[in-house]
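Since the structure comes first, as structure tokens, the remarks are kept for the end.
Residue numbers (the numbering used here): 139 to 1114.
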């Protein structure tokens, strides 16, 4: 349902008309009467007017009584490019005094109905004093945002602080032509975010009762709205704090709008190619020819100011001069000419751009600035941008047949969506997809990712009925937190295979190593490939065979050595091969005997997958065995894969074929015949368009490659079968208090600071994490005094982080139970450390337990991540930590506790009493919440944490606080 309507207005905001001039009927007498605007009689959310009560300053009504504070600097950070519900874009920014003429122009474009519903009168003009009040706000207690499309303002949203400083009245107005595009909803998000910055935590609104559409704008946003009815008006009140429900709504709207914006790019009705040469050669000419050769279903407009026609197709001097509608423009001109082309596209109201041209951010700062300017221009004019420096887009849907890439041939129709950041690899990647018989649904190369990124494609593929599997080649993560969130949601429905270039170090020093990164990908549901070949190996299994229900694998081969190698490879990749399912059918096996062995394996309820390893038999054509594999694999309940004649990909005889547009049930309803030259080659009727169907059998060059692929897919299938975790509600947390502590700390230490002892304890206490009391002292007598205060027995240990846990070096003294022992402990630590006056920590002895470590680091691929492991030099040396991205679900915390290699120590190893696992998991959940909700938290270390059957004790904490930058995946929706 569309979620915005013609108009809203808060009390005291000043009435608006279509003219700023005074006189005639622009006098105060012409001001519309106070009251709530209604949505008329249409009952349609598209045409219904919102709105709220309007009161001109000084003319009665609920005039805000809060004093306007001194105007703050113009809040540049509140500017945002946003995607609307139809996939178009607009630019939001705070209003400026010089917007007065544009505001007048906006109101001149209102229909009579919109104007009447908003103001309860015709109200044709606005007095200058009201226009001034409307456009001059303090950006604190009074804020207004405008939506900009091209050179026009098309919507205004504002709030006004009331006498209660925590409360403001909120309102919107949207131009008739742009109602129903989701503008009101996204403006509400940004106004709420701005209000929270100013300490305003509650919005109120007043609406006519028949205006149910506007009421739904607020309730559908996830707010808990309190309603009352008085004087014929519905009064709404709701808190603006972000809640899980609000975030869920934001993310859902983000997904739908971003998916729609990609759908517009992938399904154009007409394409313009700018930079098409008269002679063959060059990028523009290549894309023009590729579109034509792919038989794109709409018109193709070549653009060349120096040519009247290109290969018999009428050419145009510029995009502006194309007579018909243009949905997509492919730009292949020198970098210095791109800006003028984008201006032409904006004037033509093109929906999207594919910029193949290079010479932007990849060449340095100057190019990056030019790139940013292009994106800004495109977005403010409603266009999304693929590139620059990209390879293009493709959609194999026969209803579109789009090949707007530099590849002369795009693989046939299939169920795989493929994204690559690299333009240079584009042709090679598509050629490999084609060679392996992996059909594509859609393909995108984003190049510099100035706008459209892999995250946008993930949003699109989530609900795309033509895509079953997603494959991605990434060089960098632009928005890691969003990637993790979006990929995890998609992976619950469709597998996501990612090959991440190692060109950029994925984590920070001290963070997750290679094993930790694998775990992070696995926990996010992403299948991580180690090489290009492996990415395709995994993709072809997922595209054409079912997911395994477990790890029990049957191995069938026609040579004992092959069966043994395959079984060993399966075991090395976490698969289980029962002894009675290591089946050697012998070198002389007939096709019927192979069929019987295969049927027996796939029908065995104790088997979850079947791997066939086959080498040529001398007496029987290979095609006969391939036909058996294809026949059995077509309807098997378990995945059937092969290492067939060392072929890598989808040998033609192992492919089930279905006419494009038909269902998998129609597979093999095609004519096959033997080629005279090659009896094993499938020949298709030349007129027949086909695609590879599910049930086709993927083949791998070696048994090891097959087993490795199956092992990774089995791990993904386990993750998908496991229940999705929940973000639990944590008692005894005070996020507001924690943010106050952080803000105070940053004000005092603008360059960042490491918090320890009392300062760290105060912050952690806001999240319900208690740190065992300690005293940091220097000198033997100070140790005695601290021990007396805390109570004997005590522990005395060097404060130096490198020595604090090194009892083996003599810098930790436990069970100190007298003043004399306290002095001796201090002198012993001094001698062991080589410092005559070391700083030490004194703590009362805590109950014993298993020493653990919990930490937070910032990872370039996943954002804040939580690590857990057992303490000690040995576990530190081998990097025995488990990692999960924050925030943690209950499932994440459960798995974190059990994933380290040394985790059996927590669960009764060698007869010890198991620790309180629930207390450990609760601690990890709190650490995860802290990492997620405090962007200024750069690092956290809880070491040691003693875990015992009675609970947990945090003995020491270190927290790194730095001034945060805006996280790319928080707050109101915006393009990053």
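Using N, Cα and C, we set each Cβ at its ideal position, and we do this for glycine too. Here the structure is a predicted model, which means the values were calculated and not measured.
Review point. Under 8 Å, do residue 908 and residue 1092 count as touching if we go by C-beta distance?
Key: Yes, the pair counts as a contact, with Cβ atoms nearer than the cut-off.
Check your understanding: For residue 500, which residues of its own chain have a beta-carbon under 7 Å away from its beta-carbon, when the five flanking residues on both sides are left out?
Key -> If we look at residue 500 and ignore the five residues flanking it on each side, its Cβ neighbours are 527, 586.
Check your understanding: Is the distance from the Cβ of residue 554 to the Cβ of residue 577 below 8 Å?
Key -> For residue 554 and residue 577, yes; Cβs fall inside 8 Å.
Review point. Is it buried or exposed for residue 699, if we count other Cβ within 10 angstroms and need 16 for buried?
Key: Under this definition residue 699 is an exposed residue.
Check your understanding: Does DSSP put residue 385 in a helix, in a strand, or in coil?
Key -> Three-state result, residue 385: helix.
Review point. Since residue 498 and residue 505 are thought to touch, with beta carbons under 8 Å apart, how far apart are those beta carbons, to the nearest angstrom?
Key: Indeed they touch by this definition, with Cβ atoms about 4 Å apart.
Review point. Between which two residues does the alpha helix (DSSP H) carrying residue 1058 extend?
Key: Unbroken alpha helix (DSSP H) run through residue 1058: 1055 to 1071.
Review point. For residue 761, does the three-state DSSP call read helix, strand or coil?
Key: Helix, per DSSP.
Practice item. Please report how far the alpha carbon of residue 912 lies from the alpha carbon of residue 863, in whole angstroms. Key: Their Cα atoms are separated by approximately 36 Å.
**Study point:** CB contact flag (residue 686, residue 997, <8 Å)
**Key:** No, they are not a contact pair.
Exercise for review: Kindly confirm or deny that the segment 1022 to 1033 and the segment 944 to 962 touch, where touching means at least three C-beta pairs closer than 8 Å.
Suggested key: Here the segment 1022 to 1033 does not lie against the segment 944 to 962, with fewer than 3 beta-carbon pairs under 8 Å apart.
Practice item. From the DSSP output, in three-state form, read off residue 1021 for me. Key: Reduced to three states, the DSSP call for residue 1021 is strand.
Practice item. Tell me, please, which residues DSSP counts as bridged to residue 297. Key: According to DSSP, which records beta bridges pairwise, residue 297 is partnered with 281, 308.
Review point. Touching or not, the segment 1087 to 1103 and the segment 888 to 899, by the rule of three or more beta carbon pairs under 8 Å?
Key: Enough Cβ pairs lie closer than 8 Å, so yes.
Practice item. Report back the beta-carbon spacing between residue 979 and residue 914 to the nearest angstrom; my notes put them in contact at under 8 Å. Key: Confirmed, about 6 Å.
Review point. In the structure shown, what three-state DSSP assignment does residue 946 receive?
Key: Here residue 946 sits in helix by DSSP.
Exercise for review: Under 7 Å Cβ to Cβ from residue 875, same chain only, skipping five residues before and after it: list those, please.
Suggested key: Contacts found: 904.
Point to revise | Cβ-Cβ distance between residue 1055 and residue 994 below 8 Å | key: The answer is no: Cβ separation not under 8 Å.
Check your understanding: Does the segment 767 to 782 come close enough to the segment 830 to 850 that 3 or more CB-CB pairs lie under 8 Å?
Key -> Counting Cβ pairs under 8 Å, three or more are found: they touch.
Check your understanding: Three-state secondary structure (DSSP) at residue 1108?
Key -> In the structure shown, residue 1108 sits in coil (DSSP, three-state: anything other than H, G, I, E or B).
Check your understanding: Per DSSP, residue 469 forms a beta bridge with which residues?
Key -> Residue pairing from DSSP places residue 469 in a beta bridge opposite 412, 493.
Point to revise | Outcome for residue 86 when other beta-carbon atoms lying within 10 angstroms are tallied against a minimum of 16 | key: The question about residue 86 has no answer, for the chain in this structure spans 139 to 1114.
Exercise for review: Please name the residue, chosen from 950, 573, 632, that lies closest to residue 789 on a Cα-to-Cα basis.
Suggested key: With distances taken between Cα atoms, residue 789 lies closest to 573.
Practice item. Go ahead and pull the three-state DSSP assignment for residue 373. Key: Judged by DSSP in its simplified three-state form, residue 373 adopts strand.
Practice item. Classify residue 717 as helix, strand or coil using the three-state DSSP reduction. Key: Residue 717: helix per DSSP, three-state reduction.
Review point. Buried or exposed: where does residue 215 fall if 16 or more other Cβ atoms within 10 Å of its Cβ makes it buried?
Key: Classification for residue 215: exposed.
Point to revise | residue 816 - DSSP class collapsed to helix/strand/coil | key: Since pLDDT at residue 816 reaches only 43, below the 50 mark, its modelled position is unreliable, and no value is offered.
Exercise for review: Report the option in 514, 426, 494 whose CA atom is closest to the CA atom of residue 484.
Suggested key: Among 514, 426, 494, the Cα nearest to that of residue 484 is on 514.
Point to revise | Close Cβ partners of residue 778 (< 6 Å) along its chain, the five nearest in sequence each way excluded | key: 748, 771, 835.
**Study point:** When 468, 410, 477 are compared against residue 452, the one with the closest alpha-carbon
**Key:** Per the Cα distances, 410.
Review point. Nearest-angstrom Cα distance between residue 925 and residue 934?
Key: Distance from the CA of residue 925 to the CA of residue 934, rounded to the nearest whole angstrom, comes to 9 Å.
Check your understanding: Who does residue 892 pair with in a DSSP beta bridge?
Key -> When DSSP reads this structure, residue 892 sits in a beta bridge with 1098.
Check your understanding: Quick one: Cα of residue 604 to Cα of residue 399, how far?
Key -> Distance from the CA of residue 604 to the CA of residue 399, rounded to the nearest whole angstrom, comes to 17 Å.
Review point. Taking just the CA atoms, how far does residue 1025 sit from residue 866?
Key: So the two alpha carbons sit approximately 10 Å from each other.
Review point. Could you give the residue range of the alpha helix (DSSP H) that holds residue 841?
Key: Its alpha helix (DSSP H) spans residues 841 to 859.
**Study point:** residue 1103 to residue 1074 span [Cα, whole Å]
**Key:** Looking at the two C-alpha atoms, the distance is approximately 8 Å.
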